[in-house]
Amino acid sequence: SPTAAIATPPAPLKVAPRDEYMAAFSDVQAPDFGIAPVGADLQDSKPDASPPAVDLSQFSLAPVGSDMGEKPRAAAGPVPDTSHLKLQ
Numbered sequence: 001s002p003t004a005a006i007a008t009p010p011a012p013l014k015v016a017p018r019d020e021y022m023a024a025f026s027d028v029q030a031p032d033f034g035i036a037p038v039g040a041d042l043q044d045s046k047p048d049a050s051p052p053a054v055d056l057s058q059f060s061l062a063p064v065g066s067d068m069g070e071k072p073r074a075a076a077g078p079v080p081d082t083s084h085l086k087l088q
């Protein structure tokens with residue numbers, strides 16, 4: 001029977017502190033991921049996305065070269081009275 005590969009977490013990285021600054025981080029639990037070879041794919045593979053279930057039967061396309069027209073604009077409001085303003 002084929003054996004399934006079991007993913008094991010990387011071992012914790014053991015580094016001796018070289019100065020006071022690095023010694024402050026000696027208790028940080030960081031896994032040792034190592035360095036990947038050049039060109040390696042580092043991102044996990046994503047499952048294929050299924051197309052959305054959208055019903056487009058209610059839409060139709062206009063014939064080529066059709067004049068689509070322009071959406072009529074709403075009537076503009078009244079013009080404000082500026083007769084009381086003066087430039088000096």
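In the UniProt record's numbering, the protein residues as written are 1 to 88. We put the CB at the ideal spot given by N, CA and C, even for glycine.
Contact under 8 Å by Cβ, residue i with residue j
| i | j | result |
| --- | --- | --- |
| L42 | A36 | yes |
| P17 | A23 | yes |
Inter-residue Cα distance where the pair is residue i and residue j
| i | j | result |
| --- | --- | --- |
| residue 162 | A53 | What the structure shows of the chain is the stretch from 1 to 88, and residue 162 is not part of that stretch, so it cannot be assessed. |
| P72 | S66 | 18 Å |
| P51 | G77 | 45 Å |
| G34 | P63 | 60 Å |
Continuous alpha helix (DSSP H) stretch holding residue i: start and end
| i | result |
| --- | --- |
| E20 | 20 to 23 |
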